[in-house]
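J.: Residue numbers (our numbering): 10 to 269. Below is a structure I'd like to ask you about.
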Amino acid sequence: MKIYVLIPKQVLVISVIILLMVMGSLYLVFIRKENVLPVNSNHMGANKLEERIQSITKNQEKIAFLTFDDGPNRNVTPKVLDILEQNDIKATFFVIGKYVGNYPEIVKRAYEEGHYIANHSYSHNNTFLYKNDESFIKEIQKTDEAIAKAIGKVDYHSYLFRFPNGYMAPLHKVEKERCARLLTNMQYTYIDWNCLNNDSMKKYNKMQLLENLKKSAKNKNVLVILMHDTKDVSDSSEVLQDSIDYLKAQGYIFKNFYDL
Ligand SMILES: [Zn+2]
């Protein structure tokens with residue numbers, strides 16, 4: 010029987026090899042895992058999201074999805090976030106890319122508080138948006154890049170887009186049909202709304218905004234509610250608490266699109 014005796018040099022070499030193997034395994038388990046996982050584990054990818062969104066209104070439960078377009082805005086968005094926080098409600102923000110760059114800390118706060126940060130184009134300008142395919146793609150990518158930078162998540166993919174003025178609006182119908190196919194290729198889905206308080210019509214006061222919401226919500230189980238967090242239109246943050254109270258009294262629970 011042969012007995013192998015290790016000399017100090019061999020012990021050192023074997024120790025280094027073992028150390029490298031251990032470090033390699035740790036790298037694979039901890040570091041690579043971070044990179045191969047979706048950016049946000051709440052995200053389920055566009056395909057599943059699209060399926061769920063298409064059947065969203067078939068749900069028999071009373072669910073309200075609060076959605077805020079056209080922010081972030083320095084004056085309105087923090088107020089909206091405060092009210093949502095006080096009510097423990099997670100909403101969805103369809104942000105405009107160029108404003109994300111102006112107020113990244115607001116977007117970061119919204120994201121960290123559990124709200125869905127979705128894409129509403131970079132410029133919100135139909136001329137740029139529908140100029141050609143390349144231009145549309147750039148508008149989407151630049152917006153998600155701005156969100157990624159604001160929230161500190163590299164490669165953030167929002168998966169969810171809302172067309173400025175909505176897909177259902179007759180304006181730019183042909184272009185929107187073409188861009189909807191581009192969105193699918195880019196792993197996005199889009200959503201409009203089925204309920205609104207008409208805050209984008211500047212003439213409404215607080216009471217009227219609430220009345221508009223009540224009328225629009227009537228006889229619907231699932232509400233995807235369009236509001237805006239900008240000063241350019243009637244200020245929905247002024248009527249948000251009353252709107253939440255009304256919806257709660259009607260038996261609605263609140264969700265965002267991470268919950269689908
Ligand atoms: Zn908009």
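Just so it is clear, CB atoms sit at the ideal spot from N, CA and C, and this is done for glycine as well. Quick caveat: nothing in here was measured; it's all calculated off a predicted structure.
Using the Cα positions of Q69 and L232, report the straight-line distance between them to the nearest angstrom.
T.: Straight-line Cα distance between these residues: approximately 11 Å.
J.: For V85, is the classification buried or exposed, using 16 other Cβ atoms within 10 angstroms of its Cβ as the cut-off for buried?
T.: Classification for V85: buried.
J.: Let me check one thing: in DSSP terms, what residues is A155 bridge-paired to?
T.: Answer is none; A155 lacks a bridge partner.
J.: Where does F39 fall in DSSP's three states?
T.: Because the pLDDT at F39 is just 39, under 50, the model does not fix this residue reliably, and the point stays unresolved.
J.: So what's V183 in DSSP terms, helix, strand or just coil?
T.: Looking at V183 - three-state DSSP - the assignment turns out to be helix.
J.: If you measure from the CB of P173, is any heavy atom of ligand 1 nearer than 7 Å?
T.: Indeed, a heavy atom of ligand 1 lies less than 7 Å from the Cβ.
J.: Tell me whether D79 counts as near ligand 1, meaning its Cβ is closer than 7 Å to at least one heavy atom of that ligand.
T.: D79 Cβ: within cutoff of ligand 1.
J.: Is the stretch 131 to 151 close to the stretch 112 to 122, with three or more CB pairs under 8 Å?
T.: Not touching, per the Cβ criterion.
J.: Can you say whether P179 is buried or exposed, counting buried as having 16 or more other CB atoms within 10 angstroms of its CB?
T.: Classification of P179: exposed, given that the 10 Å Cβ count is below 16.
J.: In the DSSP assignment, find the unbroken beta strand (DSSP E) run with A73 in it and report its ends.
T.: Here the beta strand (DSSP E) through A73 covers 72 to 78.
J.: Give the straight-line distance between the Cα atoms of L192 and T198, rounded to the nearest whole angstrom.
T.: About 6 Å.
J.: Roughly how many angstroms lie between the CA atoms of S246 and K211, to the nearest whole one?
T.: Whole-angstrom Cα-Cα distance: 14 Å.
J.: So, are the CB atoms of T239 and G110 less than 8 Å apart?
T.: The answer is no: Cβ separation not under 8 Å.
J.: Given the structure, does H129 come close to ligand 1, in the sense that its CB is under 7 Å from one of the ligand's heavy atoms?
T.: Checking every heavy atom of ligand 1 against the Cβ of H129, one is found closer than 7 Å.
J.: Kindly indicate which residue of V183, K215, N174, N214 has the alpha-carbon position closest to the one of L235.
T.: Among V183, K215, N174, N214, the Cα nearest to that of L235 is on N174.
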